[in-house]
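Participant: Residue numbers (my numbering): 1 to 317.
Even for Gly, the Cβ is constructed at its ideal location relative to N, Cα and C.
Computed from a predicted structure; not experimentally measured.
Let me give you the structure first, and then I'll get to my questions.
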Ligand code: NAP
Ligand code: GLV
């Protein structure tokens, strides 16, 4: 039986680190970069490894044995949901997970330790201490407690924070997890810092709206609530987030992802006090790690086995 070749469609990413990483591990297997090496692929058997590559690659190369997202999110593969028999893989790896844990921990501490206040005071040359709550008095609510949300929650618990979450069906992942619309309201009412780590699906689209921000607790020792978004911007009603920050419903935010990326240069969020923006860098995909995980699954396909962690595009994640 022929070995399975690799088509890499890295979309907006610099293709060369990906070529290098795949070629270093692929032996005699062909590695084809799409569209950089041309759109013709003469391999009999191949998989496609893609990141925001657009739909055309799947229209032109329509016989892949599997498609892999080169990140954790699979929203960019939604066009393949109509092919239920096509195996879909994604990155699910300790390296990416730890990067997200770092980011969410940093963002939580940035808000909890009121760093935006001290940055403003430093710029004005003022020595201006404010009352500091203990971590054990601060409640973190995490929307989405999958691979990333669970790891972030467990780490924050170790720092002493009170952690709870919200998910579609999970109920306990080392901390309490709420479900359904009523469960969401219950979680929000006991949350000081809200973290979004939901995938972008039809169901999560716009789920974080004005009502969500208004339902957050305002009676905690942390003061007015704050928001961290490292999942996807599409989960948030952007105008509601802007209004909540402008009107003081939220005291601050750390935002890595946006419905429109790059965030337009005239967006008011760029200059709002108490808002820290990063350009979708919370948990980057490391080529060597991604290649190792994909090849592991390619070996499984060659042995007639299913992918280790298949994604169900029918439910969207
Ligand atoms: P995952 O393992 O698939 O977990 C998804 C979580 O969301 C699960 O807990 C799931 O509930 C929950 N969920 C899905 N749909 C829901 C709904 N309609 N209502 C309530 N909960 C729902 O995903 P992951 O690996 O943790 O990654 C999460 C997301 O992070 C990715 O999809 C991606 O968008 C984003 N991400 C961002 C970056 C970055 O750099 N900013 C990097 C990597 C990933 P169940 O537990 O009940 O299934
Ligand atoms: C990044 O956003 C990812 O989904 O891996």
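1) For residue 32, which residues does DSSP report across the bridge?
2) Is the beta carbon of residue 290 less than 8 Å from the beta carbon of residue 4?
3) So, under 8 Å CB-CB, residue 22 and residue 8 are touching, yes? Tell me the CB distance rounded to an integer number of Å.
4) Give a yes or no on whether the C-beta atoms belonging to residue 25 and residue 241 are separated by under 8 Å.
5) Would the beta-carbon of residue 201 be found less than 7 Å away from any heavy atom of ligand 1?
6) Check for me: the beta strand (DSSP E) holding residue 162 runs from which residue to which?
7) Distance check for residue 97 and residue 11, CA to CA, integer angstroms please.
8) CB-CB under 8 Å to residue 248, same chain, minus the five flanking residues each way: which ones, in chain order?
9) Run the CB neighbour count on residue 196, radius 10 Å, all protein chains shown included, and call it buried at 16 or more, exposed below.
10) Less than 8 Å separating the beta-carbons of residue 238 and residue 259?
11) Below 8 Å on the Cβ atoms is my guess for residue 72 versus residue 148; work out the distance and round it to an integer in Å.
12) Distance check for residue 275 and residue 129, CA to CA, integer angstroms please.
13) Check residue 20 in the structure and name its three-state DSSP category.
14) Let me see if you follow: with CB-CB separation under 8 Å, is residue 131 close to chain D or not?
15) Pull up the distance between the alpha-carbon of residue 61 and that of residue 184, whole angstroms please.
16) State the start and end residues of the unbroken alpha helix (DSSP H) segment that holds residue 200.
17) Measuring CA to CA, which of 194, 151, 47, 181 is closest to residue 318?
18) Assign residue 32 to one of two classes, buried (16 or more other C-beta atoms within 10 Å of its C-beta) or exposed (fewer than that).
19) Between residue 70 and ligand 1, is the CB less than 7 Å from at least one heavy atom?
20) So for residue 89, helix, strand or coil by DSSP?
21) Restricting to runs no shorter than 3 residues, where is the beta strand (DSSP E) found entirely within the segment 210-262?
22) Tell me the DSSP bridge mates of residue 179?
23) Tell me which same chain residues have a C-beta within less than 6 Å of the C-beta of residue 93, skipping the five on either side of it?
Facilitator: The structure says:
1) By 1-based counting over the chain shown, the position of residue 32 is 32. DSSP, once it has assigned bridges, lists 7 as partnering residue 32.
2) Here the question's residue 290 lines up with position 290 in the chain shown. Here the question's residue 4 lines up with position 4 in the chain shown. No, the Cβ-Cβ distance between residue 290 and residue 4 is not below 8 Å.
3) Here residue 22 refers to the residue found at position 22 when the chain shown is read from its first residue. Here residue 8 refers to the residue found at position 8 when the chain shown is read from its first residue. The pair is a contact, with the Cβ atoms about 6 Å apart (cut-off 8 Å).
4) The residue given as residue 25 occupies position 25 in the chain shown. The residue given as residue 241 occupies position 241 in the chain shown. No; because the gap between Cβ atoms is not below 8 Å, this pair is not in contact.
5) Start at 1 with the first residue of the chain shown, and residue 201 comes out as number 201. It does: the Cβ of residue 201 is within 7 Å (strictly closer) of some heavy atom of ligand 1.
6) Working through the chain shown from its first residue, we reach residue 162 at position 162. Per DSSP, residue 162 belongs to the beta strand (DSSP E) from 162-167.
7) As a working note, residue 11 is residue 11 in the chain shown. As a working note, residue 97 is residue 97 in the chain shown. The alpha-carbon atoms of residue 11 and residue 97 are separated by roughly 22 Å.
8) Indexing the chain shown from 1 puts residue 248 at position 248. So the list reads 224, once near-sequence residues are dropped.
9) Taking the chain shown and counting its residues from 1, the one referred to as residue 196 is at position 196. Residue 196 should be labelled buried.
10) By 1-based counting over the chain shown, the position of residue 238 is 238. By 1-based counting over the chain shown, the position of residue 259 is 259. It is a contact, given that the beta carbons lie within the stated cut-off.
11) Within the chain shown, the letter at position 72 stands for residue 72. Within the chain shown, the letter at position 148 stands for residue 148. Rounded, the Cβ-Cβ distance is 7 Å, consistent with contact.
12) Taking the chain shown and counting its residues from 1, one reaches residue 129 at position 129. Taking the chain shown and counting its residues from 1, one reaches residue 275 at position 275. Whole-angstrom Cα-Cα distance: 20 Å.
13) Start at 1 with the first residue of the chain shown, and residue 20 comes out as number 20. Here DSSP, grouped into helix, strand and coil, assigns residue 20 to helix.
14) Protein chains in the displayed structure number just one, and chain D is not present.
15) Within the chain shown, the letter at position 61 stands for residue 61. Within the chain shown, the letter at position 184 stands for residue 184. Near 42 Å, if we compare the C-alpha coordinates of residue 184 and residue 61.
16) Taking the first residue of the chain shown as position 1, residue 200 is located at position 200. Counting along the chain, no alpha helix (DSSP H) covers residue 200, and no H or E run does either.
17) Residue 318 cannot be examined here, being either before or after the span of the chain that is shown, 1 to 317.
18) Here residue 32 refers to the residue found at position 32 when the chain shown is read from its first residue. Residue 32 comes out buried.
19) The residue given as residue 70 occupies position 70 in the chain shown. Taking the Cβ of residue 70 as the reference point, every heavy atom of ligand 1 lies at 7 Å or farther away.
20) One-based indexing of the chain shown puts residue 89 at position 89. Residue 89 falls in the strand class under three-state DSSP.
21) 226-229, 252-255
22) Looking up residue 179 in the chain shown gives position 179. In the DSSP assignment, residue 179 is bridged to 167.
23) The residue you call residue 93 lines up with position 93 of the chain shown. So the qualifying residues of the chain are 289, 293.
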